[in-house]
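Trainee: Sequential numbering from 308 applies to the sequence shown in the working numbering.
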Amino acid sequence: MGSLVSTSRFSEWPISSLSWGGLLLGASVVLAFADAQAWQDIYGHKVAGKRAGLVPGVKEIPKVREFYKSYKGQPDTIITAEHDGHARFRKIMGPGFSDKSMKAQEPLITKYIDLLIQRLHQYSAQGPQNMTNWYNWTTFDVIGDLAFGDSFKCLEKVESHPFITAIFGSLRHILMFGFLRKGLMFRAFAQKTLKKRIESYETRPDLIEPLLVRKDEDKYSFGQLAGMASTLLFAGSETTASTLTGVTWLLLSNPAAYEKLKAEVRSAFQSEDEIDFTSVNSLGYMLACLNESLRLFPPVAIGLPRRIPAGGATIAGQYVPEGTVVGVYQWAINRLSSNWNAPDEFIPERFTGDERFQTDNQALAYVEMRVILARIIWNFDMELAEEGDWLAKQDNHLLWRRRPLSVRLTPVQR
Ligand code: HEM
Numbered sequence: 308m309g310s311l312v313s314t315s316r317f318s319e320w321p322i323s324s325l326s327w328g329g330l331l332l333g334a335s336v337v338l339a340f341a342d343a344q345a346w347q348d349i350y351g352h353k354v355a356g357k358r359a360g361l362v363p364g365v366k367e368i369p370k371v372r373e374f375y376k377s378y379k380g381q382p383d384t385i386i387t388a389e390h391d392g393h394a395r396f397r398k399i400m401g402p403g404f405s406d407k408s409m410k411a412q413e414p415l416i417t418k419y420i421d422l423l424i425q426r427l428h429q430y431s432a433q434g435p436q437n438m439t440n441w442y443n444w445t446t447f448d449v450i451g452d453l454a455f456g457d458s459f460k461c462l463e464k465v466e467s468h469p470f471i472t473a474i475f476g477s478l479r480h481i482l483m484f485g486f487l488r489k490g491l492m493f494r495a496f497a498q499k500t501l502k503k504r505i506e507s508y509e510t511r512p513d514l515i516e517p518l519l520v521r522k523d524e525d526k527y528s529f530g531q532l533a534g535m536a537s538t539l540l541f542a543g544s545e546t547t548a549s550t551l552t553g554v555t556w557l558l559l560s561n562p563a564a565y566e567k568l569k570a571e572v573r574s575a576f577q578s579e580d581e582i583d584f585t586s587v588n589s590l591g592y593m594l595a596c597l598n599e600s601l602r603l604f605p606p607v608a609i610g611l612p613r614r615i616p617a618g619g620a621t622i623a624g625q626y627v628p629e630g631t632v633v634g635v636y637q638w639a640i641n642r643l644s645s646n647w648n649a650p651d652e653f654i655p656e657r658f659t660g661d662e663r664f665q666t667d668n669q670a671l672a673y674v675e676m677r678v679i680l681a682r683i684i685w686n687f688d689m690e691l692a693e694e695g696d697w698l699a700k701q702d703n704h705l706l707w708r709r710r711p712l713s714v715r716l717t718p719v720q721r
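Written as structure tokens, this is what we have:
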């Protein structure tokens, strides 16, 4: 079976088999596929039913419930919902991600990037900085503001919020005992921040606004709103912080690419205030660096599990029987020598000129990461302040439990 990576060799990867709620899935056969066709067949929804040979009426290969909904009674979110429910969530939440909304969100986001740069100037003189924390604090502050109406104030206080430490400091336990089981702590945060946002009746260009302006009969309960806000918080914080930390290490370990990116950023603008959501689109090499980093250090490195429905399915031309759990593991497919030349090397050039990626430019995550990275590179020369292979030391429990990344920052003299 050429397109199959493995059914059992997960232990060779830096990914805990618990990442698939391994205990819960224990009874299932798990197939990890490795080609683009399998990706379409397993996750595609527009024509998946037909293409994957599903029985008539079955529109897509369903999500594995035990993985997506860790306890009974948990309300659906955009991540957990199936076909029709999922489409409803997309319709409701979509307006918050339009180009127009993002433009309106720019000042909210820029405020935190300004503060990050200010803090880095302040603290860089004291010695090497832990970029894992700085990136975490920035992306959590941004998403706190966009999804809950107020930030976690990490950059302001220069410390992690206890809620973040509780959730992400114990990823392994969350996976074993249920995502968002730290409900009490979350509720305390949501009660305070989200409630204030809802009750203020202020019009504000954030990701919650489209949910609040719905007509009375469509209004959501506080619990539903908190569910949607927390989904955004989980989806949009750790992922971007992880990519930024990864790209920083990969660049500083690959001086030729770092120099090329520095030259691009520092020649594209006359002054720092020219770096904004629109102008970063001109940074083609930066986009290639981020894409190459997403390849080598994908924030969601596992394969998101789907269970073959009654009647079986055809994945990448191979028949797979009912009940089998299938997925495409990012980590594995991104490093297979059958998919890539020199798969373990950081070569951003492989993504330059690829038009498939140019259309993604406007996505919130890309814009946020590009402005943060561009402003850091504009302001500082960076140098690793630690030895060894940082990336190889990380372990994965659905998301990465990232270790500190120590970097010396020297302000650029102009
Ligand atoms: C580098 C950054 C990011 C990566 C790698 C990433 C990755 C992913 C992945 C793999 C999924 C699919 C989850 C599943 O189906 O089980 C997903 C879904 C989602 N992400 Fe992201 N994400 C990133 C940034 C963001 C940001 C900044 C936001 C904004 C708040 C966001 C919001 C969402 C939402 C709303 C979904 C559900 C989409 C749907 O099912 O239609 N993500 N993301």
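C-beta atoms are modelled at their ideal positions from N, C-alpha and C, and glycine is treated no differently.
Assuming residue 626 and residue 551 form a contact by the criterion Cβ under 8 Å, report the distance between their Cβ atoms to the nearest whole angstrom.
Mentor: Residue 626 to residue 551, Cβ: 42 Å. No contact.
Trainee: For residue 453, which residues from the same chain have a beta carbon less than 6 Å from its beta carbon, with the 5 sequence-adjacent residues on both sides left out?
Mentor: So the list reads 513, 514, once near-sequence residues are dropped.
Trainee: Under 7 Å Cβ to Cβ from residue 719, same chain only, skipping five residues before and after it: list those, please.
Mentor: Once the five neighbours on either side are set aside, the close Cβ partners of residue 719 are 686, 687, 688.
Trainee: Cβ of residue 338 versus every heavy atom of the ligand HEM: is any distance shorter than 6 Å?
Mentor: The answer is no for residue 338.
Trainee: Taking C-alpha atoms, which residue in 555, 623, 617, 672 lies nearest to residue 631?
Mentor: That would be 617, whose Cα lies nearest to the Cα of residue 631.
Trainee: Using the rule of at least 16 other Cβ atoms within 10 Å of the residue's Cβ for burial, across every protein chain shown, is residue 432 buried or exposed?
Mentor: It is exposed - the Cβ of residue 432 has fewer than 16 other Cβ atoms within 10 Å.
Trainee: Suppose the cutoff is 7 Å on Cβ atoms and the five residues either side in sequence are ignored; what does the same chain contact list for residue 402 look like?
Mentor: Same-chain partners within the cutoff: 408, 517.
Trainee: When you compare each of 715, 682, 714, 704 to residue 423 by their alpha carbons, which one comes out closest?
Mentor: Residue 423 has its Cα closest to that of 682, out of 715, 682, 714, 704.
Trainee: Would you say residue 542 touches the ligand HEM, meaning its beta carbon is less than 6 Å from a heavy atom?
Mentor: Yes, since a heavy atom of the ligand HEM falls inside the 6 Å radius drawn around the Cβ of residue 542.
Trainee: Just checking residue 607 against the ligand HEM - is the residue's beta carbon closer than 6 Å to any of the ligand's heavy atoms?
Mentor: Correct: residue 607 has its Cβ closer than 6 Å to the ligand HEM.
Trainee: Please report the Cβ distance between residue 652 and residue 595, rounded to the nearest whole angstrom; I am assuming they are in contact, meaning their Cβ atoms lie under 8 Å.
Mentor: Contact doesn't hold; Cβ gap of about 14 Å is too wide.
Trainee: Can you tell me whether DSSP reads residue 367 as helix, strand or coil?
Mentor: DSSP places residue 367 in coil when its eight states are reduced to three.
Trainee: Taking the alpha-carbon positions, what's the residue 705 to residue 721 distance?
Mentor: Those two C-alpha atoms are separated by around 43 Å.
Trainee: By the 10 Å Cβ neighbour count, where 16 or more other Cβ atoms means buried, how is residue 637 classified, buried or exposed?
Mentor: Buried: at least 16 other Cβ atoms inside 10 Å.
Trainee: May I ask which residues mark the beginning and end of the alpha helix (DSSP H) holding residue 338?
Mentor: No alpha helix (DSSP H) holds residue 338; the beta strand (DSSP E) holding it covers 337-340.
Trainee: Straight-line CA distance for residue 494 to residue 526?
Mentor: Roughly 20 Å separates the two Cα atoms.
Trainee: Please identify the residue among 628, 593, 672, 671 whose C-alpha is closest to the C-alpha of residue 654.
Mentor: Per the Cα distances, 593.
Trainee: Excluding five sequence neighbours on each side, which residues of the same chain lie with their C-beta closer than 6 Å to the C-beta of residue 707?
Mentor: Here the set comprises 549, 701.
Trainee: Bridge partners for residue 713 per DSSP, in chain order?
Mentor: According to DSSP, which records beta bridges pairwise, residue 713 is partnered with 437.
Trainee: Which residues does DSSP list as the beta-bridge partners of residue 687?
Mentor: Answer by DSSP bridge pairing, in chain order: 718.
Trainee: Among 437, 500, 412, which has the Cα closest to the Cα of residue 455?
Mentor: Comparing Cα positions, the closest option is 500.
Trainee: I need the straight-line Cα distance from residue 676 to residue 606, nearest angstrom please.
Mentor: Cα to Cα, the separation comes out at about 13 Å.
Trainee: Which first and last residues belong to the beta strand (DSSP E) in which residue 702 is found?
Mentor: Start and end: 702-704.
Trainee: From which residue to which residue does the alpha helix (DSSP H) around residue 546 run?
Mentor: Note, residue 546: alpha helix (DSSP H), 545-559.
Trainee: Let me know if residue 530 comes out buried or exposed under the rule of 16 or more other beta-carbons within 10 Å of its beta-carbon.
Mentor: It is exposed - the Cβ of residue 530 has fewer than 16 other Cβ atoms within 10 Å.
Trainee: Who are the near neighbours of residue 331 in its chain, counting only those whose CB is closer than 6 Å to its CB and skipping five residues on each side?
Mentor: In this predicted model, residue 331 has a pLDDT of only 49, less than 50, meaning its place in the structure is not dependable enough to derive any value.
Trainee: Measure the C-alpha to C-alpha separation of residue 504 and residue 363 and round it to an integer number of angstroms.
Mentor: Computed Cα separation, rounded: 45 Å.
Trainee: Could I get the ranges of all uninterrupted alpha helix (DSSP H) runs contained in the region 633-682, with 4 residues as the minimum, in chain order?
Mentor: List check, alpha helix (DSSP H) in window: 637-641, 662-665.
Trainee: Under 7 Å, Cβ to Cβ, is there at least one residue of chain B near residue 407?
Mentor: Judged by its chain identifiers, the structure shown contains no chain B, having just a single protein chain.
Trainee: Taking 6 Å as the cut-off, is the CB of residue 495 close to at least one heavy atom of the ligand HEM?
Mentor: Residue 495: no, Cβ never under 6 Å from the ligand HEM.
Trainee: Using a threshold of 7 Å, state whether the C-beta atoms of residue 712 and residue 439 are closer than that.
Mentor: Cβ distance < 7 Å, so residue 712 and residue 439 count as in contact.
Trainee: Using the beta-carbon count (16 or more within 10 Å), is residue 463 buried or exposed?
Mentor: Counting Cβ neighbours within 10 Å, residue 463 comes out exposed, since fewer than 16 surround it.
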